[in-house]
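To start, the structure under review is shown below, and the notes come after it.
Residue numbers (this note's numbering), protein chains in the order written: chain H, 203 to 544; chain P, 2 to 327.
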């Protein structure tokens, strides 16, 4: 136990969460360096570290600064943000089987992105692109809440999510068909989730937004801890349930927007990372949230490395591999849930 | 509307009318006289005859066959799993068939229609049996089976992407198999039509066993039904019908989900009526959807799978309102 006590605050921390966070952090950093080093041309780790501190030279410096580093950063942040978005949604909806992708929130964001590309691209700068993604995701969750009418049942939740997903996927596919072949192909890869061709500017914007969002959600972890309990208890504890629910969902949508806008609607990260995190660190969301972030980041970094090194020169979108890892794990969770209420 | 036979006959009349309307209308309208002429005095030089005989009619035939097969497989899969959410699309059977067709085309460059069908059947069987085994493991809980199916579909789609990219293909090709379409499909000849009809007749003779499934597992067992055997038999039929449709038109969603519900609304629980009803309604539905797609979005060949998703999504919301399912 670690005790922090002074005039203003008094906290008791367990030691274990710090230990797990440290392990996940080290793993994440390791994969981050690997993601920069590995690729069609392998760069020795010493060179990687040198050029990260601005002492690199020649082509490897260019490859790292302009190509690999933005990709590694966006992969890391996309996985992390989607995982946190999933963790928040799972608490608020009170269902461990939901995630931004199963509920149709990410595919709503994809439709928003298509809207931008077809109607607004000519006169709205790319900087505002995430706003369209956010609008699409927010629309999806608004429709979801409208049909749920505050009574959250697993069966209806999944059906409505499926309905949203299928209609949004139809719109996206239709848009892909109507673009020219080359753009359609690039866009299709993005709809699976890929770091292909991200700029260093995108990486910087993502970094700033995710850090701000993390600072926004961490102080709210106390509320998240409370929302785990049934609605009546939350209300009896004096919390404003509907308002908090809406605020938390808004933050969750912001998190997923960051990922969807720059890397695409990566599947299953928002589902399995929080699940795994809660298994390892129970109870306190002050630790669960950063841990989930790291687990999601590890997953997408790994998928990105795999996608680039599996069979070069072909490049696989990282979403393909997160699905390959996430889907079996999800089925495993389902099978183990025997006897519960769904 | 007391007499169900009368309703069935009406469905048949509608089907004939719909087929003719589907053939005549489109980007360009042809008169009924031209259609009759193209049969009685076919003139290969006449572009109208050519289009009717070689594009419009084969397309309508495919729509009828695929619609009927998907409606039928949906009815069977809902009967044996006793799950109102079951359908070959949601269970990932369509995706499995699509994956193996892509695999087959990559291995053998020029795959004939029969070859495509064989691969499609293999894929449908593998995906179908995985879903049924998992369904058994979760005690046929509707929500869990549906989730397993959704996740399996995502998994198979990813696998399809991987093999396509691995062979240097355009990743977008996946869309050709994950969204069904009636455009540029190989014409179906008489053998297939005959084969499908024989299968339909075969299933009709087993309607009694399907009625037993509807009574619930315990009652069916008490009445002497070998549940395991019949589940297996009907799964085979589901796979044949779904595999056939995917091989011809790709994975068209939602028909297998919607048609059984509509049939049950019209005809109750008697499978002797539900079987022909699903066949006729399925064919009607796909013909109508195809016609609408061509009339609303002319000139471009919008895949019919997309129209089906747009029609199907509100249906899912309707299902979500039916509380008793959960």
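Backbone N, C-alpha and C define an ideal beta-carbon position, used for all residues, glycine too.
CB contact check: residue 299 of chain H to chain P, cutoff 8 angstroms | yes
Coil, strand or helix - residue 547 of chain H by DSSP = Residue 547 of chain H cannot be examined here, being either before or after the span of chain H that is shown, 203 to 544.
Identify the continuous beta strand (DSSP E) that holds residue 214 of chain H and give its terminal residues.
-> Counting along the chain, the beta strand (DSSP E) containing residue 214 of chain H begins and ends at 212–215.
Through-space distance from residue 323 of chain H to residue 211 of chain H, alpha-carbon basis = 50 angstroms
Pull up the CB-CB distance for residue 307 of chain P and residue 376 of chain H, whole angstroms please, since I reckon it's below 8 angstroms.
-> 5 angstroms
For residue 518 of chain H and chain P, any beta-carbon pair shorter than 8 angstroms?
-> Residue 518 of chain H counts as touching chain P.
Straight-line gap, residue 92 of chain P to residue 299 of chain H (C-alpha atoms, nearest Å) | If you draw a straight line from the Cα of residue 92 of chain P to the Cα of residue 299 of chain H, it comes to about 18 angstroms.
Compare the C-beta of residue 134 of chain P with all C-beta atoms of chain H and state if any pair is closer than 8 angstroms.
-> no
Mapping DSSP to helix, strand and coil, what is residue 437 of chain H?
-> helix
Among H/466, H/281 and H/493, which one has its Cα closest to the Cα of residue 224 of chain H?
-> Cα-wise, what sits closest to residue 224 of chain H is H/493.
Can you tell me the Cβ-Cβ gap for residue 369 of chain H and residue 311 of chain P, rounded? I've got them flagged as a contact below 8 angstroms.
-> 6 angstroms
Report yes if the C-beta distance between residue 288 of chain P and residue 61 of chain P is below 8 angstroms; otherwise report no.
-> The Cβ atoms of residue 288 of chain P and residue 61 of chain P lie closer than 8 angstroms to each other.
So, does the CB of residue 138 of chain P fall closer than 8 angstroms to a CB anywhere in chain H?
-> yes
Does the distance from the CB of residue 475 of chain H to the CB of residue 156 of chain P come in under 8 angstroms?
-> no
List, in order along the chain, the chain P residues whose C-beta lies closer than 7 angstroms to that of residue 358 of chain H?
-> 321
Can you give, in chain order, each stretch of the beta strand (DSSP E) that sits fully within the segment 75–152 of chain P and has at least 3 residues?
-> Complete beta strand (DSSP E) runs here, min 3: none at all.
Answer with buried or exposed for residue 390 of chain P, where buried requires no fewer than 16 other C-beta atoms within 10 angstroms of its C-beta.
-> No answer is possible for residue 390 of chain P: it lies beyond the span of chain P, which begins at 2 and ends at 327.
Please work out which residues of its chain come closer than 6 angstroms, Cβ to Cβ, to residue 327 of chain P, disregarding the five sequence neighbours upstream and downstream, and give them in chain order.
-> Residue placement at residue 327 of chain P is poorly supported in this model, since its pLDDT is 44, which falls under 50; the coordinates still yield a value, given next. Within the same chain, residue 327 of chain P has no close Cβ partners at all.
Mind checking if residue 149 of chain P is an interface residue toward chain H, Cβ cutoff 8 angstroms exclusive?
-> yes
Alpha helix (DSSP H) runs wholly inside the segment 193–265 of chain P, at least 4 long, in chain order | Along the length of the segment 193–265 of chain P, whole alpha helix (DSSP H) runs at least 4 residues long occupy 208–215, 218–223 and 228–250, reported in chain order.
Excluding the 5 residues preceding and the 5 following residue 69 of chain P in the sequence, name in chain order all residues of the same chain whose CB lies nearer than 6 angstroms to its CB.
-> 280, 283 and 284
Taking only the alpha-carbon atoms, compute the straight-line gap between residue 8 of chain P and residue 269 of chain P and give it to the nearest angstrom.
-> Taking the straight line joining both Cα atoms gives about 12 angstroms.
Under the three-state DSSP convention, the category residue 361 of chain P falls into = One cannot answer for residue 361 of chain P here, as it falls past the ends of chain P, which runs 2 to 327.
Check the Cβ of residue 184 of chain P against every Cβ in chain H and list those closer than 9 angstroms, keeping chain order.
-> Those do not exist, as residue 184 of chain P stays about 11 angstroms from chain H at its closest Cβ, beyond 9 angstroms.
Contact residues within the segment 167–181 of chain P, judged by C-beta distance below 7 angstroms to chain H | 167, 169, 171, 172, 173, 176 and 180
Over what stretch of residues does the alpha helix (DSSP H) that includes residue 556 of chain H continue unbroken?
-> No answer is possible for residue 556 of chain H: it lies beyond the span of chain H, which begins at 203 and ends at 544.
Quick one: what's got a C-beta closer than 8 angstroms to residue 224 of chain P's C-beta in the same chain, skipping five residues either side?
-> 213 and 216
Can a CB atom of chain P be found closer than 8 angstroms to the CB of residue 504 of chain H?
-> no
Compare the C-beta of residue 382 of chain H with all C-beta atoms of chain P and state if any pair is closer than 8 angstroms.
-> no
Return the CA-CA distance between residue 479 of chain H and residue 247 of chain P, expressed in angstroms with no decimal places.
-> 40 angstroms
Measure the Cβ-Cβ separation of residue 239 of chain P and residue 85 of chain P and say whether it is below 8 angstroms.
-> no
Looking at C-beta atoms only, is the number of pairs between the segment 265–283 of chain H and the segment 330–347 of chain H that lie closer than 8 angstroms three or more?
-> no
Where residue 337 of chain H and residue 312 of chain H are concerned, what is the direct C-alpha to C-alpha distance, given to the nearest angstrom?
-> 10 angstroms
According to DSSP, is residue 390 of chain H helix, strand or coil?
-> In this structure, residue 390 of chain H counts as helix in the three-state DSSP scheme.
Considering only the beta carbon of each residue, do residue 71 of chain P and residue 256 of chain P sit closer than 8 angstroms?
-> yes
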